[in-house]
Each structure stands twice: as structure tokens, then as C-alpha cells.
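What follows is one structure encoded as C-alpha cells, with my remarks underneath.
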Amino acid sequence: MSTKELALRIVKDQFGVLAEAICQLVARKGHPSYPEIMRDMKAEFGSKVNDSKIMECMLSLSLHSILVPVIPSPDCKKIISTRYTFDTKAALLRLRLGSFIQYIQEEYGREHACIATELSIRGACSIADILDSVMENYPDEFTKLALSRAADALISHNLICQKTDIATYAREQSAQMNEDDSARRATTSRGRGRGRGRGRGRGGMSRSVTNEGEAEWKDGSVKRKGLSIGDQILEMQAKKLKADETMKLQKEASKGAVEDERQRMLFRLNLEQYTCVLRQQTIMLYVEERLSKASVDILQAVFGVVGVARTPHATMSSVFTGQQVYSHISDHESMPWNLFLKHLDALASERVNCLQVVTPYENEFDVTGGMYKVNYAGVIETLVEETVAAFIDKRYNYICSSIFRALRKHKKLEEQQVAMICMLPEKVCRTSIFALVNDRFIRTQEVPRKPDRGTQTTFYLFTHDLRYSVDALIDFIYVIILNLRSRQKVVVMKHASLFEAQRRGNLSEQQKEQMNRMENGLRCMDMSILKLDHTLALIRDIYWTLSLSGEYKHLDELMKLMVLKLKDIHQQIVKEGNEWFDKRSETLDSLNPFFTDIETLHDNSEALLKMMNKIDTYTKSLETKVKVLF
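Taking our numbering, the leading residue of the sequence shown gets 61, the next gets one more, and so forth.
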């Protein structure tokens, strides 16, 4: 089952059949507009749906960021036709909402978890609407002040972030265009006649004011007297009070403007920040298993210095010194300086690979203690290798896991070599290798000894590719989580009468025992889903993005060069006269969505290869157009 099929199945389970059909249409057509989606849904469902149902479903999917609006052009003055794209990652992240809300409740409190639950239901909403909804659902449990403080705490910890929607984008574009128009008006005021005319006006006005002042000074009827020191002090105090009052009014007005702007903002759950929190927790568990509890305390102090990363794509943290970490440790008696430096050396060793040394300390009397960085990429890669090997051990047997570890160490081996290294019979080794190849945990490589590639003269090498194994493991985990969620749904629907009797309060003893057994089963499934979700966050959202950011880093530079080449061709076409106006306008219209796609997909590392092929094809077509023009 592919990632897109899994995402569509999640959409069907959580939003319905209509939402699945809309997402399937968007994924198939690429970037359809709202009228196209409306027409196709009416043709598919007929009288079962109407305009309001389709609009409500699309709004819900857009609020949950599953349907992402794509602006036709960043230079457009009016958003006329918005097109949509299907975000599979947002649909897959819906499986992580339960563990995210549970983490918020354990770390922060129940009021914070209620706000997160309301956001998970609505997708995106303003803070005022969230507070009103929670107050309506829990009238006697929370106060509005406590809920407001809880919302501020979640925003400050970046667990809730602002959702950039169509209206926000339109406001930003309108503000930018207004700034451009004002700058253009200011620059167009330069001119000979206008400058002299305005100069004469300003000069005449200043001379009239001067003449009035001179007439007032020469008029003897006007009484003039000097102010005493007391009057001057009173006048200064009055001016100060007036200035303070004006400043107070300005602060209140600015505060009110900020509150009004915040009420209009839409907020959503920031699951990427939760992924970064999971990464820190996973690293600390790994260090506790490999080293000791004291090393975990030091690593926790390190995370207290560097803070939680803002994105799971970060490969390294900021630089910190040993003295900064040592100052965050409370018990210096049980952790002297010499022992602290030894723990830092253990964390920076190749066995753990948790810290990277920037500047080593000279000796034990060095006050700085050296300079370090948290090596997220190194420790996560080691963790993923151990996770894949443990999964193979549990799914198959120790023989398959030993074969996987042998290939991880030696990279490429023949079947006989694998049997010799793992000390296995050839028949058992062949069966285990074929099982791993069939489930996409290892690969095969043909090595022909002759150009004809005959079967008698060709031998096969078995290779280990960690990313290839991670892909297979991700598919297994998604299927397991989705099956567990479906099982929970079936159990709840099957025992709906028990929930109704519990709500009324007339459960019998037999029904209470049955209810306890059902709740225990659901709780066990929740714990299994939580553990699988932690593993999924480790290998998909952390390791996969880290490996892609390292491998496709050169593709960013190639894409920038391609964009510069396209802009040069575009400038050459623009330099042509009115003779080629029709062809030039056609080329400009075709360039606008292309540059928008580049800006939209720049952060998506998985789509960079497809984008490079698209850039290459489009460059060749543009070069052909330029040859025709010139």
C-alpha cells in the first residue's frame, strides 16, 4: 500500500466518503480549481450531494491543511481562481493527534489538552472561538482567564502556531502592493515644473507666517510679559502630563490593534514541534540505555541550554560550552567537574555520537570545558539502524536480524559469504535472505562476468541500504496503526449500548465488568499506537528528512541555477518589441505558475527530483521558443 493510498484511507475513516473522493480527485488531477471539483463531485455522486455539502467538506479539509490552496501567481492583485493540492503528510499526521494531546495533558495540564482537542476537531480556529467552545463544553471546570493563560502558554512553546490561509495571504499581498504604490507615488514627485510649483507654495506659506508674527510683535495693544520660574515649572508639568496621557492612549490603541489582529488570526496544532520534542525524548532514552542516568541528566541540561529545535530538519544545534551546561546542573557535589568532563567525552564518542566537538578542552583545569554541538543526524542514524534490526528480529527471527547486521557491517556480500559470516547452513540462509528481499529490507545487485549476462556467468550480491529498509518499515507501521484504529472503532461501535447505559448511570455488575474489559483493551491499543507513533516519528519525520536534506543539498544549488537561467531567458523575451507581444505574454503567463510551484515545493525535499526533471523539460521548451523568436 502506497503512502497516498494510506492517506486516502485515513481521510475516509475520519472525514467520510465524500472527502476521500475529493482528495482522490485532487491527487489525480494535480491542481484542480473549486468549480472543477464541484462539477466532478456532482457528476460522481449525483443527487446525494449538493453545493453546501461539498463546500462544507472542502472547508473542513482546508482547515485541517489536507487540501492546501495554491495561489496562481505571487504578483496577482485579486485571488480569482484558487487551485488546491493534496497534502499526504498532513493526512498521515492525523494518526499522531492522540499522542500529541496526551503529551500536552501530561506536561502542561487538562485545560491545555482541552484546547488542543478542540483544535484537532476544528483544524484551525481563532483563539476566541476556541475559548468559547471549551467554556461551553466544560462550563463549571475552567475559567476564561485560566484558558487564556493556557492558550498563551501553548503559543509561547510553539505547540500552537498561526495558520496562513487565503485571507492572511491576501492581506499580506494587499499591504505589500500598498507599500509599492506609496513608494511609486513618492518617486514620481520629481520634476521641474512640479518641484518649482511646490517650492513656491511652501515659500509663500512660510513668508505669510513670518509676516503674521512680525505684525503681532509690532502691535502695541498686545500685552507681553515674561513667565516666572514657578509658571515655567507648572507649564512643563502640564506638558509632561499631556505627553504621558498621549503615550498611554497610544499604548492602549496599539494593544487593542494587536488584540483585534489576534482575534482574526487562525491557529492550528504544530505537530512538527511535537516531532522535535519526541526526538529529544528518544535521544535521552537511547543515552540512558547506552550509558547511565547521570549522562541523561547532563544531556537534559544540554537541551536546557540549546532549547527545542524549531524544525525536525535541523542536523546540528547551536554551539554551547561545557561551563554553560555545568551551570544548569543543580547537584555539583555528586557531579564534580572532572566527572562531568568524562561524561561529555562519553556523549561525544563514536559509540553514542550524540555530541560533536567543536573545540576540545585543553585539560581538566580548562574553565570553558570545550565547545560542542548536539549531533542530531549522527545519533538518529544509529537509532534508526538499531530500530530496523530490532523490528526484523521481532517479525522474523534472530537469523534474519543477524543477516541484516552482517550486511550493514560489510555492505555487499554473496550468499555463501553471508552463510559463512553468520555461521548458517546454506539452505536456511537462502530462505532468510529471500524473505528479507521479498519484504524490501535488503537489495540485490547483478554482477555479470560476460556481456551477454548469462545466468551461468552472473552472480548476485546482497546489499544493505538503510533508506530502502526504512521505506519498508514505514509501510508496515502505517498499516499496523491504521488496523489498530479501525479495530478501536469497531469495538466502540459494537458496545455502543454500554456507553449509553454508562451515560444514564444504570450499569449492572455484569455490564460494569464488560465495560472494564473493553476499556482495558482500548487502553492497550492506545499504548501500542503511541509506541508505534514514536517509532514512526523517529524514522519518517526525523531520519528521512535529515537524510534527504543532506543528499539533496546540491539539488538546491542546481535549482537556483536553473531558475536564474529561466529568468535570463525571460528577460531576453521581455526586451523584444511589440512585434512579439503575443508570444511574450503567452510565455509570461506560463512562467507564473512555474515560479509559484518552485516556491511552494522548495521545502519539500521528496519532490526535488521531480522538480528537477520539470525544470529541465521546461528549460528546453523555453530555449526552443527563444530560437524561434530570434
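A virtual CB, placed ideally from N, CA and C, is assigned to each residue, including glycine.
Flag this pair as yes or no: are the beta carbons of residue i and residue j separated by less than 7 Å?
i	j	result
R69	L331	no
A184	L326	yes
I599	V530	yes
V128	D147	yes
I126	A103	no
R509	T517	yes
L592	I537	yes
H555	M587	no
V385	V365	yes
S159	E178	no
E424	N398	yes
M376	L359	no
A437	L351	no
V418	V379	yes
A79	L121	yes
Let me confirm a value: residue i is counted as buried when at least 16 other C-beta atoms fall within 10 Å, else exposed. Which label applies?
i	result
E171	buried
D200	exposed
P420	exposed
V49	Since the first residue shown for the chain is 61 and the last is 690, residue 49 is missing from the structure and cannot be characterised.
V488	exposed
Y198	exposed
T203	exposed
Q340	buried
P372	buried
H392	exposed
R328	buried
W277	In this prediction, W277 has a pLDDT of 45, which is less than 50 and means its spatial position is unreliable; what the coordinates show is noted afterwards. Per the 10 Å Cβ criterion, exposed.
K24	Missing from the structure shown is residue 24; the chain here goes from 61 to 690 and no further.
C83	buried
R545	buried
S12	In the structure displayed, the chain extends from 61 to 690; residue 12 sits before or after that span and is not available.
D212	exposed
K283	Confidence at K283 is low in this model, with a pLDDT of 47, below 50, so the placement of that residue should be treated as unreliable; the coordinate-derived value is given next. Exposed.
Measure the C-alpha to C-alpha separation of residue i and residue j and round it to an integer number of angstroms.
i	j	result
T142	V71	22 Å
A206	N576	33 Å
I16	A466	Examination of residue 16 is not possible in this model, given that the chain is present from 61 through 690 alone.
L533	I493	17 Å
T381	D535	41 Å
T504	L521	6 Å
H124	G367	28 Å
K149	A479	41 Å
R563	E196	19 Å
R262	D291	Any reading at R262 must be qualified, since the residue scores a pLDDT of 46, below 50, and its modelled position is unreliable; no value is offered.
E348	S355	7 Å
Q333	E116	29 Å
I175	I164	10 Å
I491	Q477	Before going on, a small fix: residue 491 reads as Thr here, not Ile. T491 and Q477: Cα-Cα distance of roughly 15 Å.
R500	A374	28 Å
L526	I440	12 Å
L309	A303	10 Å
T447	T595	8 Å
F105	F464	50 Å
L484	E445	23 Å
I181	R99	28 Å
Q162	L119	27 Å
Following the continuous alpha helix (DSSP H) through residue i, name the residue where it begins and the one where it ends.
i	result
M118	111-123
P129	No alpha helix (DSSP H) holds P129; the beta strand (DSSP E) holding it covers 127-130.
V507	Element bounds for V507: not the alpha helix (DSSP H) but the beta strand (DSSP E), 503-508.
L351	First-last for L351: undefined, no H or E at that position.
R182	170-182
R143	Premise fails: R143 lies in the beta strand (DSSP E), 143-146, not in any alpha helix (DSSP H).
L484	Run containing L484: none; DSSP gives neither H nor E here.
E410	Note, E410: premise wrong, no alpha helix (DSSP H); not H, not E.
I161	157-167
Determine which residues share a DSSP beta bridge with residue i and list them.
i	result
M431	T381, T419
I187	None; I187 has no bridge partner.
I220	L329
Y520	E506
M98	Its beta-bridge partners do not exist; DSSP assigns none.
L567	Note: L567 sits in no beta bridge, so no partner.
M376	N435
L473	F522
S93	R143
Which residue comes first and which comes last in the beta strand (DSSP E) that contains residue i?
i	result
R88	R88 -> not in any beta strand (DSSP E); alpha helix (DSSP H) instead, spanning 77-89.
Are the C-beta atoms of residue i and some chain C residue less than 7 Å apart?
i	result
T523	Protein chains in the displayed structure number just one, and chain C is not present.
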